Amino acid sequence: MPCRFDARVCLEEYNRNDTRNRFGRGTEIRRPNYEQKKQTEMIADHIYGKYDVFKRFKPLALGIDQDLIAALPQYDSALIARVLANHCRRPRYLKALARGGKRFDLNNRFKGEVTPEEQAIAQNHPFVQQALQQQSAQAAAEAAGSSAAE
396 MPCRFDARVC LEEYNRNDTR NRFGRGTEIR RPNYEQKKQT EMIADHIYGK YDVFKRFKPL
456 ALGIDQDLIA ALPQYDSALI ARVLANHCRR PRYLKALARG GKRFDLNNRF KGEVTPEEQA
516 IAQNHPFVQQ ALQQQSAQAA AEAAGSSAAE
């Protein structure tokens with residue numbers, strides 16, 4: 396699963412979890428059970444503890460999913476992909492993508508750049524829009540506070 400924030404990734408994950416038959420009827424979307432959720436949390440703790448690029452929420456290199464699976468063979472690849480998808484949906488990661496710049500691999504080395512298209516997609520995400528509105532409101536409040544003090 397590529398570490399790109401776009402609608403295709405979300406749609407692919409939805410389709411993988413969708414158990415409807417070809418007529419549009421069927422069972423509910425499968426949700427991870429309690430054990431899978433615990434394993435996912437454990438893998439996430441391990442990844443965030445081991446790789447600085449995850450702790451700092453830097454834009455990840457394309458294809459980092461395969462690097463993670465190769466680096467962590469003791470874990471199920473589907474759970475690693477879920478951890479990676481969760482990471483790429485976090486507001487802090489989306490803000491880093493919206494800023495653009497370099498992408499980084501697991502060893503925190505430069506490996507590609509965020510394209511303007513990816514940057515635009517991240518900037519239009521509701522989490523990023525909300526954060527930008529909060530920042531502008533804070534800046535306006537500080538400006539009003541400093542002008543009132545004079």
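Per my numbering, the very first residue in the sequence shown carries number 396; after that it's consecutive. Cβ atoms here follow ideal geometry from the backbone N, Cα and C, with glycine treated the same way. Bear in mind the structure is a predicted one, so any value in this text is a computation, not a measurement.
Regarding residue i and the ligand NAD, is the C-beta to nearest heavy atom distance less than 7 angstroms?
i, result
"E513", "As presented, the structure is devoid of all ligands, the ligand NAD included, so that no description of it is given."
Consult DSSP for residue i and reduce its assignment to one of helix, strand or coil.
i, result
"L467", "coil"
"K506", "strand"
"R487", "helix"
"F386", "No answer is possible for residue 386: it lies beyond the span of the chain, which begins at 396 and ends at 545."
"D401", "Annotation note: pLDDT 49 at D401 (below 50); position unreliable, coordinate value reported separately. Three-state result, D401: coil."
"L455", "strand"
"Q428", "Just to set this straight, residue 428 is Asn in the shown sequence, not Gln. Of the three classes helix, strand and coil, the one that applies to N428 here is coil, per DSSP."
"H520", "coil"
Can you give me the C-alpha to C-alpha distance between residue i and residue j, rounded to a whole angstrom?
i, j, result
"Q533", "V523", "15 angstroms"
"G444", "I459", "17 angstroms"
"Q525", "Q518", "10 angstroms"
"K450", "R484", "14 angstroms"
"T435", "P521", "25 angstroms"
"Y340", "A439", "There is simply no residue 340 to check, as the chain begins at 396 and stops at 545 in what is shown."
"Q461", "H482", "15 angstroms"
"K506", "G540", "43 angstroms"
"G496", "A480", "20 angstroms"
To the nearest whole angstrom, what separates the beta carbons of residue i and residue j, a pair I think is in contact under 8 angstroms?
i, j, result
"F499", "A536", "Actually they do not touch by this definition, with Cβ atoms about 34 angstroms apart."
"L463", "L501", "7 angstroms"
Per the contact definition of three or more C-beta pairs closer than 8 angstroms, is the segment 473 to 486 in contact with the segment 499 to 518?
The segment 499 to 518 vs the segment 473 to 486: no contact.
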